[in-house]
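All the letters of the sequence shown, read from the start, carry residue numbers 282 to 417 under my numbering.
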Amino acid sequence: MTLQNIPLFQAMGAKMSYLDTKQGVIAQNIANADTPDYRAHELTKVDFGSMLREVSGRYNVKMEATAPGHLSSNNDPANPRNLKSRMTYEVAPAGNSVIIEEQMVNATKNTMDYNLVTNLMRKNVSMYMTALGKQQ
282 MTLQNIPLFQ AMGAKMSYLD TKQGVIAQNI ANADTPDYRA HELTKVDFGS
332 MLREVSGRYN VKMEATAPGH LSSNNDPANP RNLKSRMTYE VAPAGNSVII
382 EEQMVNATKN TMDYNLVTNL MRKNVSMYMT ALGKQQ
């Protein structure tokens with residue numbers, strides 16, 4: 282059995298692939314910031330909420346209080362937050378819709394997400410190595 286067969290690592294690999302593609306789209310937007318009539322592109326957002334609902338329904342994931350001092354939660358695990366995002370667009374006189382500041386923020390968020398997934402993967406590999414009795 283390899284790490285690629287473990288669903289957690291498959292999910293992290295898919296997320297890293299998505300983030301890699303997203304970084305390419307952001308770089309393309311920045312490269313075309315001065316191109317007349319260029320429209321900024323975005324990847325179709327992955328609906329992680331529906332993915333979580335599917336997994337939650339299949340595995341019945343719930344927070345459980347096992348001791349009197351534990352906190353309880355009445356929240357729906359399939360919908361941890363209700364987020365509303367505000368989308369604003371500007372178009373330059375030349376018809377270009379790339380906003381450099383927005384693209385830089387997107388690039389930074391993307392880098393942070395990629396680093397998070399990389400660290401999670403590193404920690405999980407470390408746990409497997411420890412469980413197998415091998416030191417890194």
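Built from N, CA and C at the ideal position, the CB exists for glycine as well.
Who are the Cβ neighbours of residue i in its own chain at under 7 Å, not counting the five residues just before and after it?
i	result
alanine 373	none
asparagine 400	none
Residue j and residue i - do their beta-carbons sit closer together than 9 Å?
i	j	result
methionine 385	isoleucine 311	yes
valine 398	lysine 303	no
aspartate 301	glycine 376	no
valine 289	asparagine 405	Sequence check: residue 289 is leucine here, not valine. Cβ distance < 9 Å, so leucine 289 and asparagine 405 count as in contact.
serine 407	arginine 320	no
Can you name the start and end residues of the alpha helix (DSSP H) that residue i belongs to?
i	result
leucine 300	288-312
aspartate 394	381-412
If I measure Cβ to Cβ from residue i and keep anything under 8 Å in the same chain, skipping five residues before and after, which residues do I get?
i	result
glutamine 285	Gln291, Gly294
leucine 364	The pLDDT assigned to leucine 364 is 37, lower than 50, so where the model puts this residue is not dependable, and the model offers no usable value.
valine 306	His322, Glu323, Leu324
In this structure, how does DSSP classify residue i when only helix, strand and coil are distinguished?
i	result
serine 331	helix
leucine 324	coil
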